Each structure stands twice: as structure tokens, then as C-alpha cells.
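K.L.:
Residue numbers (our numbering): 36 to 640.
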């Protein structure tokens, strides 16, 4: 008989016979067909000593016994645990008797090589059994008993001959070898078992560490969500009050101080957006929309803010198209603009004299695909080769003095490159110290139209003066509420204020309004719950509702619309967007929803 070892089984002293049989049977079934190869090799050995007839009979009988045993092993494989384990040693012992007849045939063959072959076959038989069942030594002793019986027969037949004592001396030698085989196997399996236990312990520790990291990441996301609202809310008050103050009569010094307030507020808002973008990218929650992009509109949106900045610093700003630019492509214009504007902002910021050049190169791949290369070249100080390696690392700038001189967190290029990678592109840089640098965004796009299309007429933000509206302002923050009421009153509208959603629901139940501006996060009752209740009953079921929130995420916009709102206003408030909303209120909820959808698409483009 022959099989293979099954590593990792229990070798406890208390293991029962049925357990040993189950372990041995599993090992045998893995390589049971090897037994026929061994039978054939033994038959060749016998052929040289006993002749082809005896060798052929032994071969056929042993193969038949092996086939019967194999069929029995497969049949009882699923029944060992049910009590068949004690039957297995008996069947294996009976079939092993066929193997054990080979040494007897060789010993009594009378051939001069017969005794040597008999000894080799006996030792080989023991090794085969104990190799197969070395993790179950008690089963091996039982199943190898036919070899022991053959050895006793041979020993008895050699009594009184010179071969008796040499043959008897082979037995302890063979037993010692088998003992070493079993012992080494048990020691190795104990080491394997210890390693597996250690590995399981490490896996448990890694799982615990992963759970802690997941919990920490979730806590970080929750914290950033809260801090986003808490930071944007007071910033809304600061920037809103600054906008209102700029419309009043101010002295030159006061206007200078006001400019500082607005610039500082814009910088804080930009910093907050960078941190939130970085967090979304790391968490895999950065969303990308795929809409139609008008390339000319994208070009104006990208370059518009930086032409004036470059002129103010005495720089020349040049922008050109190279290749065959399409008219309309598919992509996320908001993210593309964010990446390119970061490159342009750095170019203008770090260039003291000379020019900033913005080149858009286009290469057609097919009728529906093209490759864009947005290259931004400056004539600044350049970047040393050693600094290029850490240029895209978070919170890192090429020159540590840049933070003190120009400000910034060093997140911009990191965010820009990761956004480019998410869009399937990349940002590369070439630079020469004292000459300047070139940053290139490469990205593929799906082409919608190759030829130019007529631009859509923009909506006038100011609009025409309409009738006075009755507006319900629902806002828990007193400064934000005051700013909204002040702006609406200055435009000739009447306002009613509510500090939370419950007060708003009570007021809306009886008093009709032309427009409801509803903050989302409030005590007592939040704005979305209040909007749902207003839509259910009362005098304002069909009154346009614009939800107001510090969160600018697309999914938050969708949540507001699903709650029954018609438009969405972000904090800090864009009063031109509010003016367009008020201009549309008189046309009903459908018009407000259509206007809000157009504004969102325009913001994305």
C-alpha cells in the first residue's frame, strides 16, 4: 500500500482508532493510484527471481486487491466518522497481505538473489506503510502486521542457518529507522502546528488593527463632515457680511481692510476645500460626473481668473490651441478645471517676471476619442532635480521658504495629480533652474462634436425688478439669518424668520409665502424633515423651497430635492444665484427646478 502524508493533523495521544483511520484514509485517497506504480516495480523485481508466471500471478492478484481496496476506500470516505474507522484497518491489513507475499516468494525462490530481494521488499514494505501513515503510527503498526508475519516466517525458516542472526539483526535496524521517521514527522508537524497557531494569532492581530483603522477612518470622515459644516457656517457670516459691507459707503482704509477680510475668507474656504478633497480621495469617495463639456467655455473658465492676476503682476499671459481641438467632449469639467487652475495658479504665483503660457494640444485617436495635453509653462525660478522627486508629496513644497513667502499647504499638486490619475491621465513636469517649468496634464476624452456649436445664452444674474416677495427664512445661525434678511429687505422683499424646522412648519401651516429658504442642519427639527412636512399639508404645499447648506456634495443636493425642495444654495451664499432664484419664483416650482438644474450643470462646466 502507498499514499501521501497529510500535514497538520492532530497527533494527540488521546486520538481514537476511528480518528486515526479517518486521518489515514484521507491521506490514502489523495494519491491512491501511486500504489499501482509500486506494484509494477515489485513485479519486475520478482520477475528476476521467481520467473514470469509467479511474478505475473502476484502482480494480477495484488492489482486486484488494490482495486478492491480503492473502491472500498472511496465508498467509505464519508462514513469514517460514523463508525467505519475500525473497519478501515482490517481491510487495509488484509490487502497488505498480498503485498507481504512478495518477500516470501523471493525468499523461497531458491535464486541466489532471492534472499537479498526479500529483505529489500520487507524493508520497502515497512517504509511504504509508515511513510503513508507516519502521522498515525498505531495504524501503521496494525496495517504492516502482514510484513511482520512474513518476517517471522522467514526467520523461522532460517533457524540454524548462517543467515538467521544477520536477518535477526536487520529487524532492530529497520525499527530504528521507522522510529526516526515517525519521530521526525511528529516534531515537524508540531512545528507546523505552532507556526499555524502563531500565524492565526497574527491574523487576529491584523484583523483587530484593521478594525481599529476602519473605525478611525470612519470617525475621521464623521469629524470632517461636522467640521465642514461648522467652519462653513461662520465663514458664510464673514463673507456675507463683507459683501453687504462692500455695498455701503466706505473710506479708502476701510475698503482696504474689507479687502483683507474677503481675501482671507476666500483663502480659508480654499484651504478647507483642499483638505476635504484630499480626504475624499484617500477614502475613495471622490465623485466624478460625466457630462458634455464645451471646450471654448472650458477655456474661458480656466483662464479667466488668471489673466487679470498675471497682468496685475506685470506678467504676459499667453494661451493657444494646437492641433485639432473638438468642440464638445464628455468628462467632468469641474475636476478638469480644478486641476488646470491649480497649475495656472502656481505658475502665476511663483513667476516674478516674464510670461505664463497656457497651451492646449489635441491629438485625434479615433472619430470618438482624443488626447488632451494641457501644458502650463512659466518663466519662474525653476525646480531643482532633487526637489522634483518630492514635488507631488502631500504637505510638501519644493522650497520650504515658499510657505512663508507665498502661503499654501502643499496639497494642491498632490490633489491635482491624484485627480488626474482617477480620470485616467497624469501630470508630468520638466524644469530648468533659472529658466522655468512646464507642467502638463495629459488625459483622454470621448468626443461628442468636432465642429463648433452655438453657445447657449447665459442667464442674467441681476434680472428685472419684480414684485415684492414674501420670503420665509429658516436659519438657526443668527448672523446668517441677519445677512439673508438684510439682503432680501434691501431688494424690496419682506421676510419672516424661523430659528428651526419646527417653527417653520408651524408658520407655513397657516401663512402663505412666495419662497422658503430652508437651512438643512438645525436643532429641534432639521430642514429636510421640515420640508417633507410642509409638502404634506398646509398653505405652502406648492411654494418653492430652496434648501441652504454648508455641504456642497452632489449627493446632499439630491437628498434635498428628494425631500421636496426645488433648489439648492451653498454656503457661503452666492447672492447672484439667489437673485436668479428670486427672479424665477413667480413662474412656479417647475421653473425653479429647471433653473436650479441649469445652474448646477453650469457650475460643473
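Even glycine gets a Cβ: it sits at the ideal position worked out from N, Cα and C.
Since the model is a prediction, treat every value here as computed from it, not as a measurement.
Bridge partners of residue 532, per DSSP?
P.N.:
Walking along the chain shown from the start, residue 532 turns up at place 497. 508, per the DSSP bridge assignment.
K.L.:
Does the Cβ of residue 179 have 16 or more other Cβ atoms within 10 Å, making it buried, or fewer, making it exposed?
P.N.:
Along the chain shown, one-based indexing puts residue 179 at 144. When all chains shown are included, residue 179 counts as buried.
K.L.:
Count the other C-beta atoms from every protein chain shown that fall within 10 angstroms of the C-beta of residue 405, then say buried if there are 16 or more, exposed otherwise.
P.N.:
Indexing the chain shown from 1 puts residue 405 at position 370. The residue in question, residue 405, is buried, as its Cβ has 16 or more Cβ neighbours within 10 Å.
K.L.:
Residue 358 by DSSP, collapsed to three states: which one?
P.N.:
Taking the first residue of the chain shown as 1, we reach residue 358 at position 323. DSSP places residue 358 in strand when its eight states are reduced to three.
K.L.:
Would the beta-carbon of residue 156 fall within 8 Å of that of residue 137?
P.N.:
For the purposes of this step, residue 156 is taken as the residue at position 121 of the chain shown. For the purposes of this step, residue 137 is taken as the residue at position 102 of the chain shown. A contact, by the Cβ cut-off of 8 Å.
K.L.:
Using CA coordinates, which residue listed in 285, 333, 481, 380 is at the minimum distance from residue 342?
P.N.:
Sequence index remark: in the chain shown, residue 342 carries index 307 (1-based). That would be 380, whose Cα lies nearest to the Cα of residue 342.
K.L.:
Quick check on DSSP: helix, strand or coil for residue 388?
P.N.:
Translated into positions along the chain shown, residue 388 becomes position 353. Note: residue 388 maps to coil in three-state DSSP.
K.L.:
Checking 8 Å against the spacing of the C-beta atoms, do residue 463 and residue 475 come in under that value?
P.N.:
Within the chain shown, numbered from 1, the residue matching residue 463 stands at position 428. Within the chain shown, numbered from 1, the residue matching residue 475 stands at position 440. Against a cut-off of 8 Å, the Cβ pair of residue 475 and residue 463 comes out as a contact.
K.L.:
Just tell me which of 453, 613, 249, 481 has its CA closest to the CA of residue 325.
P.N.:
Indexing the chain shown from 1 puts residue 325 at position 290. Measuring from the Cα of residue 325, the nearest candidate turns out to be 481.
K.L.:
Entirely within the stretch 569-602 and at least 4 residues each: give me those alpha helix (DSSP H) ranges in chain order.
P.N.:
DSSP runs (the alpha helix (DSSP H)) wholly in the stretch 569-602: 589-597.
K.L.:
Let me know if residue 60 comes out buried or exposed under the rule of 16 or more other beta-carbons within 10 Å of its beta-carbon.
P.N.:
Position 25 of the chain shown, counted from the start, is the residue given in the question as residue 60. With a pLDDT of 48 at residue 60, under the threshold of 50, the modelled position of that residue is not reliable, and the figure given next carries that caveat. Buried: at least 16 other Cβ atoms inside 10 Å.
K.L.:
Tell me which residue opens and which closes the alpha helix (DSSP H) that residue 366 is part of.
P.N.:
Within the chain shown, the letter at position 331 stands for residue 366. First-last for residue 366: 363-366, but that is the beta strand (DSSP E), not the alpha helix (DSSP H).
K.L.:
Report yes if the C-beta of residue 389 is less than 7 Å from at least one heavy atom of the ligand HEM; otherwise report no.
P.N.:
Judged by which ligands are present, the structure shown has none, so any question about the ligand HEM falls away.
K.L.:
Alpha carbon to alpha carbon, what distance is there between residue 245 and residue 631?
P.N.:
Position 596 of the chain shown, counted from the start, is the residue given in the question as residue 631. Position 210 of the chain shown, counted from the start, is the residue given in the question as residue 245. Going by the C-alpha atoms only, they are around 42 Å apart.
K.L.:
For residue 605, which of helix, strand or coil comes out of DSSP?
P.N.:
As a working mapping, residue 605 is identified with position 570 in the chain shown. The answer is strand: DSSP assigns residue 605 an E or B state.
K.L.:
Could you tell me the distance, in whole angstroms, from the CA atom of residue 135 to the CA atom of residue 125?
P.N.:
Sequence index remark: in the chain shown, residue 135 carries index 100 (1-based). Sequence index remark: in the chain shown, residue 125 carries index 90 (1-based). Looking at the two C-alpha atoms, the distance is approximately 15 Å.
K.L.:
Shortest alpha-carbon distance to residue 69 belongs to which of 567, 378, 87, 105?
P.N.:
Translated into positions along the chain shown, residue 69 becomes position 34. Answer by Cα proximity: 105.
K.L.:
Please state the DSSP three-state secondary structure of residue 23.
P.N.:
No answer is possible for residue 23: it lies beyond the span of the chain, which begins at 36 and ends at 640.
K.L.:
Between residue 548 and residue 509, is the Cβ-Cβ spacing less than 8 Å?
P.N.:
Your numbering for residue 548 matches position 513 in the chain shown. Your numbering for residue 509 matches position 474 in the chain shown. Not in contact: residue 548 and residue 509 (Cβ atoms no closer than 8 Å).
K.L.:
Around the C-beta of residue 566, are 16 or more other C-beta atoms found within 10 angstroms, so that it is buried, or is it exposed?
P.N.:
Counting from one through the chain shown, the residue named residue 566 turns up at place 531. With 16 or more Cβ atoms within 10 Å of its Cβ, residue 566 is classed as buried.
K.L.:
Helix, strand or coil, according to DSSP, for residue 556 in the structure here?
P.N.:
Locating residue 556 in the chain shown gives position 521, where the first residue counts as 1. Three-state result, residue 556: coil.
K.L.:
Since residue 277 and residue 296 are thought to touch, with beta carbons under 8 Å apart, how far apart are those beta carbons, to the nearest angstrom?
P.N.:
Stepping through the chain shown from its first residue, residue 277 is reached at position 242. Stepping through the chain shown from its first residue, residue 296 is reached at position 261. That belief holds up - the Cβ atoms of residue 277 and residue 296 are roughly 5 Å apart, short of 8 Å.
K.L.:
Assuming residue 484 is part of the beta strand (DSSP E), what are its boundary residues?
P.N.:
Indexing the chain shown from 1 puts residue 484 at position 449. Residue 484 -> beta strand (DSSP E) spans 471-484.
K.L.:
What beta strand (DSSP E) runs, 3 residues minimum, are completely inside the stretch 228-294?
P.N.:
Within the stretch 228-294, no complete beta strand (DSSP E) run reaches 3 residues.
K.L.:
Taking residue 531 and residue 524 to be in contact with their CB atoms under 8 Å, please state how far apart those CB atoms are, rounded to whole angstroms.
P.N.:
For the purposes of this step, residue 531 is taken as the residue at position 496 of the chain shown. For the purposes of this step, residue 524 is taken as the residue at position 489 of the chain shown. Going by Cβ atoms, the distance from residue 531 to residue 524 rounds to 12 Å, so no, they are not a contact pair.
K.L.:
In terms of alpha-carbon separation, which member of 612, 377, 402, 351 lies closest to residue 360?
P.N.:
Position 325 of the chain shown holds residue 360. Answer by Cα proximity: 402.
K.L.:
Identify the continuous alpha helix (DSSP H) that holds residue 188 and give its terminal residues.
P.N.:
Within the chain shown, numbered from 1, the residue matching residue 188 stands at position 153. First-last of the alpha helix (DSSP H) with residue 188: 180-192.
K.L.:
Work out the CA separation of residue 413 and residue 388 for me, nearest whole Å.
P.N.:
Start at 1 with the first residue of the chain shown, and residue 388 comes out as number 353. Start at 1 with the first residue of the chain shown, and residue 413 comes out as number 378. Residue 388 and residue 413: Cα-Cα distance of roughly 9 Å.
K.L.:
Only counting the same chain, and skipping five residues up and downstream in sequence, which positions put a Cβ closer than 8 Å to that of residue 627?
P.N.:
In the chain shown, counting from the first residue as 1, residue 627 sits at position 592. 579, 581, 601, 602, 616, 619, 620.
K.L.:
Buried or exposed for residue 150, going by 16 or more other Cβ atoms inside 10 Å?
P.N.:
One-based indexing of the chain shown puts residue 150 at position 115. Label assigned to residue 150: buried.
K.L.:
By Cβ distance, which residues of its chain are closer than 7 Å to residue 522, with the 5 residues on each side in sequence left out?
P.N.:
Working through the chain shown from its first residue, we reach residue 522 at position 487. Hits under 7 Å: 279, 610.
K.L.:
Apply the 10 Å Cβ neighbour rule to residue 7 and answer buried if 16 or more other Cβ atoms are within range, or exposed otherwise.
P.N.:
Residue 7 lies beyond the residue range present for the chain, which begins at 36 and ends at 640; the question has no answer from this structure.
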